[in-house]
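Using our numbering, the first residue of the sequence shown is number 6, and each one after it goes up by one.
Ideal Cβ positions, reconstructed from N, Cα and C, are used throughout, including at glycine.
Comments concern the structure below.
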Amino acid sequence: MNHAALPAPGRLGRSVARASVISSAAALLIAAVLLVSFQFISQRSGLLEDMLIQARVIGDSSEASLLFHDGHAARDVLSVLSTSPNIDVAAVFTISGAPLAYWKKRETSLADWAPPLTSYRNFGLRYLEIVQPVLSEKKVIGHVGIRVRLEQFYRRLLVFIGFTILVAIASFAATYLLLARMRRTVKDAEAELNYLAHVDSVTGLPNRHAFNVQLALALKKATDTGDDTALLMLDLDNFKRVNDTLGHQSGDLLLRSVADTLTGHLEKSDIVCRIGGDEFAVILEGQNLRERAELTAETILEVLREPVFLDGHEIFVTTSIGISFYPRHAKNLHTLVRNADTAMYRAKAKGKNVWASFHARMDTATQRRLALESGLRRALERNEMEVHYQPQASLATGEIIGVEALLRWRHPEFGVVEPAEFIPVAEDCGLIGSLGLWVLRSACEQGAAWGKAGLGLLSVAVNLSARQTRDRNLMQAVSEILEQTGLLPCQLELEITESVLMDNMHANIGVLHQFRQRGIRLAIDDFGTGYSSFAYLKRFPLDHLKIDRTFVKEIRHDGEDGAIIAAIVSMAHELGLSVIAEGVETEDQVAFLRNTGCDIMQGYYFAEPMPADRMTAFITDARMANQA
Ligand code: C2E
Ligand code: MG
Ligand code: MG
6 MNHAALPAPG
16 RLGRSVARAS
26 VISSAAALLI
36 AAVLLVSFQF
46 ISQRSGLLED
56 MLIQARVIGD
66 SSEASLLFHD
76 GHAARDVLSV
86 LSTSPNIDVA
96 AVFTISGAPL
106 AYWKKRETSL
116 ADWAPPLTSY
126 RNFGLRYLEI
136 VQPVLSEKKV
146 IGHVGIRVRL
156 EQFYRRLLVF
166 IGFTILVAIA
176 SFAATYLLLA
186 RMRRTVKDAE
196 AELNYLAHVD
206 SVTGLPNRHA
216 FNVQLALALK
226 KATDTGDDTA
236 LLMLDLDNFK
246 RVNDTLGHQS
256 GDLLLRSVAD
266 TLTGHLEKSD
276 IVCRIGGDEF
286 AVILEGQNLR
296 ERAELTAETI
306 LEVLREPVFL
316 DGHEIFVTTS
326 IGISFYPRHA
336 KNLHTLVRNA
346 DTAMYRAKAK
356 GKNVWASFHA
366 RMDTATQRRL
376 ALESGLRRAL
386 ERNEMEVHYQ
396 PQASLATGEI
406 IGVEALLRWR
416 HPEFGVVEPA
426 EFIPVAEDCG
436 LIGSLGLWVL
446 RSACEQGAAW
456 GKAGLGLLSV
466 AVNLSARQTR
476 DRNLMQAVSE
486 ILEQTGLLPC
496 QLELEITESV
506 LMDNMHANIG
516 VLHQFRQRGI
526 RLAIDDFGTG
536 YSSFAYLKRF
546 PLDHLKIDRT
556 FVKEIRHDGE
566 DGAIIAAIVS
576 MAHELGLSVI
586 AEGVETEDQV
596 AFLRNTGCDI
606 MQGYYFAEPM
616 PADRMTAFIT
626 DARMANQA
């Protein structure tokens, strides 16, 4: 899998290091030049100073020799200079310019030395020359001249330069080593940052950021070469459930396992990324990708079908896949991603664990779903939700024995939205928990209010969604609501659909027993649609069985469904369950159900779901009619 193709790190580190090396080299060079210049100047003025003192001392000592024109005495004075190795030649001149005495190195010739007889200093390339007047009673009586060879001066300067260069090289080497170490540290940090910025830490796959980069690259390549790009968006169908029931650690393990399975079964050139909680994306590149994309989707569904073992549980994870192609379905990255998402939602709507390829008609459906999802987040605070109640009546006496609470949503744009449409959306985006508790609280308050108003102890049925049954805190929340609203536990009936009940039998049996111990009654909803057997049903502590309305609907036309209902009723009775028929619309159906011994009916024949105030009036009227 090509998830290593991330932008290369180290550019920043390299340029910082290069700049640092250059600037430290320049700083060292400047320092060395300054030091050498300073050394030259101070050495030069030191030498000059020395020679001037020497000249003055000789001048002072030669004053008498000049006055008396005593060459011997002057020579004696000059002979002191033999101890100074640098002095090449020195002489005492009379006022007329004739040398009175001189001292010179043996190899030196006097012929090339004729200094001007005035106060004179000359720092030449090879020699330093000094001429100082000799004064007697403030009158010039002669001159002293000294010539110094500069070889030793330059030798000393050269030693200093050599030493400075050595120090500079050593400092540069130390700086370079330090910088190299710093560069390595910066490079490591950069690599780490780069990794974190582009790689998903749970699965090791490229993350959403890297996905966008990779997809942009793929689209650019496709545009340049005339190839196609296929985008497969994957969303795990039941990941939230694993996270909720087994915890986040297991959730992470599951994601890692899915990532490994995907990378292990797809082509090396396919790019697999994790772009969100339980969302993955696969990018395919090449020509005529349609068949390959569909085959890849099939492969993914196939390989994910294998169970994953987590914490001793066997988990089956499935995924819904949406496919979209560039340039056929989209002209840019943004639309391509949106279309693949749209196709993925379509796959989910088709019943999950399938793939769907994008087509233009899907767009409107997705827009609506997205609008519902964002609308749902604010529906409660905006007072758009309302609980309606549908009465349940005894088939034997016609008396209202309870109500079912059914949620209604008045969407500001779409009008009334069916629960069949928005409940799954609420489930998917995790809002069903708060919504479900709100319905429960409203229904319990209403049931208690009817009791206080003298309308009797009506049972109040509330539907539980799949996600709610998996919520570990549900029991606690229900208990609190009962205590706060004052509804008796025996008045509350929780409805769980057959498919949800069977989905996670073990866990559900435990939850249902807790409710039963609290005195709350339980009903299996939409019975007959989930293909469960009565053998299973025996294990659940149920009170009611609600026959799905599709069976009731067929009663008139088809004898078979009638027979099924009769069988369900008699078997339910044997298990000690009372039976409620849903969706009863006609008198014939009522008569048939009464004949089979069905206990309770609910449906438009008796009453449609209605708001609480109308329901109050309906119950009051029914009570009065019964009494009359
Ligand atoms: P359900 O629990 O099976 O609810 C019965 C559905 O049948 C209700 O649809 C009701 O209006 C409808 N119905 C009642 N009598 C008749 C009839 O004579 N003929 C026909 N054709 N239909 C009838 P509704 O209100 O649209 O709710 C649909 C489903 O949405 C419910 O099915 C339930 O599963 C779910 N639902 C509704 N409210 C809630 C809620 O508060 N929480 C949860 N989790 N699910 C809810
Ligand atoms: Mg129901
Ligand atoms: Mg039902």
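query: K551 CB to nearest heavy atom of ligand 3 below 8 Å; result: yes
query: Which listed residue (L381, S379, S28 and Q397) has its alpha carbon closest to that of Y609; result: Q397
query: Extent of the continuous beta strand (DSSP E) run through Q607; result: First-last for Q607: undefined, no H or E at that position.
query: One or two residues paired with N337 in a DSSP bridge; result: N337 is not bridged to any residue.
query: Proximal residues to T625 (C-beta, below 6 Å), its chain only, five neighbours per side dropped; result: none
query: Local conformation of L460 per DSSP, three classes; result: coil
query: Rounded straight-line distance, which links the Cα of A571 to that of S379; result: 45 Å
query: Beta-ladder partner(s) of P120, from DSSP; result: None, per the DSSP bridge assignment.
query: Nearest residue (CA-CA) to D242, options V359, V408 and G150; result: V359
query: Segment contact, 8 Å Cβ cut-off, at least three pairs: the segment 392-411 with the segment 342-351; result: no
query: heavy atom of ligand 2 below 8 Å from E432 C-beta; result: no
query: Chain-order list of residues whose beta-carbon lies under 7 Å from that of H318 (same chain, five-residue window excluded); result: L251
query: Proximity winner among L445, S206, A202 and I146, relative to A215 (alpha-carbon distances); result: A202
query: R554 beta carbon near ligand 1 (any heavy atom closer than 8 Å); result: yes
query: Neighbourhood of D548 by C-beta distance below 8 Å, restricted to the same chain and skipping five residues each side; result: E498, R526, L527, A528, L582 and S583
query: Contact test: A425 Cβ vs ligand 2 heavy atom, cutoff 8 Å; result: no
query: D530 (DSSP reduced to helix, strand or coil); result: strand
query: Shell residues, 6 Å Cβ cut-off relative to heavy atoms of ligand 2; result: E409, N468, E500 and D530
query: Given R295 as reference, the closest of L309, A235, E284 and R472 once Cα atoms are compared; result: A235
query: Span separating the alpha-carbon of M615 from that of L506; result: 28 Å
query: Contact check, L122 vs G150, beta carbons under 9 Å; result: yes
query: Residue burial classification, S325 (beta-carbon count within 10 angstroms, cutoff 16); result: buried
query: Contact test: T250 Cβ vs ligand 3 heavy atom, cutoff 8 Å; result: no
query: Straight-line Cα distance separating V277 from Y200; result: 16 Å
query: Alpha-carbon spacing of L381 relative to L436, whole angstroms; result: 8 Å
query: Sequence-distant residues of the same chain with beta carbon closer than 8 Å to F545, five excluded per side; result: L506, N513, I514, L517, L527 and I529
query: Interface flag, N344 vs chain C, CB-CB below 9 Å; result: The structure shown contains no chain C; it holds only a single protein chain.
query: The segment 73-82 in contact with the segment 95-108 per 3-pair CB rule at 8 Å; result: yes
query: Near ligand 3: T266 beta-carbon under 8 Å from a heavy atom; result: no
query: Beta-carbon proximity check, R279 vs N212, cutoff 9 Å; result: yes
query: Neighbourhood of T490 by C-beta distance below 6 Å, restricted to the same chain and skipping five residues each side; result: C449, E450 and A453
query: The segment 307-315 contacting the segment 262-271, beta-carbon criterion three pairs below 8 Å; result: yes
query: Spatially closest choice to E134 from D249, R152, L267 and I605, by CA coordinates; result: R152
query: Sequence ranges, beta strand (DSSP E) only - wholly within the segment 360-429, length at least 3; result: 360-362, 390-399, 405-416 and 420-422
query: Distance, N478 Cα to I605 Cα; result: 32 Å
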